[in-house]
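Report on one structure; see the data block that follows.
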Amino acid sequence: MDLNHSFKVFFVCPVVLSLFLSCKNNFEEVKKIGISENEPIGIAEHINLKYTDSGRVTANLKSPKMLDYSNREFAFNEFPDGIDLDLFDEQNQKSNVIADYAIVYDKTGIIDLQGHVVLSSTNKDTLFAEQLYYDQNREWLFTNKPVTFRTGRDVINGKGFDSDTKFTKAQVLEIDGIITLDE
């Protein structure tokens, strides 16, 4: 055997062996061909969803468009054109949430509301924010972005907000000023 042939065998065998050993069963990956993780698995337009509990409407969600990304490992639903959400309490009194953009994360139960967020409660308290998070599991609202909170005759400006959903424990953080309006 000549030296050139020995060199080829010595060089080619490890390359072929490494290729063979690096192959694995990619059946799950092959099944995903044609479905990009960057694309939604579903698109819904002109949404008008009513949520009920024991026959009573508890919420009504309206949105021009919803993108369903449940095909991702960290699944979420995106509302790129905003939401308008009416919430009804036990006495059928309505609170309202409006935002230019929303995203709902399934695993964490966190809703991220962005762009001209306005939350109006049944007792006429109103929160204006650039961004607001809602923790569905704890029923808690929070942000570290600038807010304006109108409660009673007071308008409070600050750099954050922390509260339960009924505003009974509402707290404006890093208050910039309070304005009391005439009746």
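Heads up: the sequence shown begins at 162 in the working numbering, then just goes up one per residue.
We put the beta carbon where it would ideally sit given N, CA and C, even for glycine.
Gln275, enclosing beta strand (DSSP E) - first and last residue: As a position in the sequence shown, residue 275 is number 114, starting the count at 1. Its beta strand (DSSP E) spans residues Ile271 to Ser281.
Integer Cβ distance of Leu293 from Thr287, believed to fall under 8 Å: Numbered from its first residue, the sequence shown carries residue 293 at position 132. Numbered from its first residue, the sequence shown carries residue 287 at position 126. Wrong, their Cβ atoms sit about 12 Å apart, outside the cutoff.
Check whether Lys320 and Val308 have beta carbons under 9 Å apart: Residue numbering aside, residue 320 sits at position 159 when the sequence shown is read from its first letter. Residue numbering aside, residue 308 sits at position 147 when the sequence shown is read from its first letter. For Lys320 and Val308, yes; Cβs fall inside 9 Å.
Where Ile272 falls, given that 16 or more other Cβ within 10 Å makes a residue buried: Residue mapping note: residue 272 aligns to position 111 of the sequence shown, counting from 1. Classification for Ile272: buried.
Burial state of Val258 (16 or more Cβ within 10 Å): Taking the first residue of the sequence shown as position 1, residue 258 is located at position 97. Result: buried.
Pick from Lys330, Thr304 and Leu246 that is closest to Ala260, judged by C-alpha positions: Taking the sequence shown and counting its residues from 1, the one referred to as residue 260 is at position 99. Minimum Cα distance to Ala260 is reached at Leu246.
Thr269, buried or exposed, once every other Cβ within 10 Å from all chains shown has been counted against 16: Residue numbering aside, residue 269 sits at position 108 when the sequence shown is read from its first letter. Its Cβ having fewer than 16 others within 10 Å, Thr269 is exposed.
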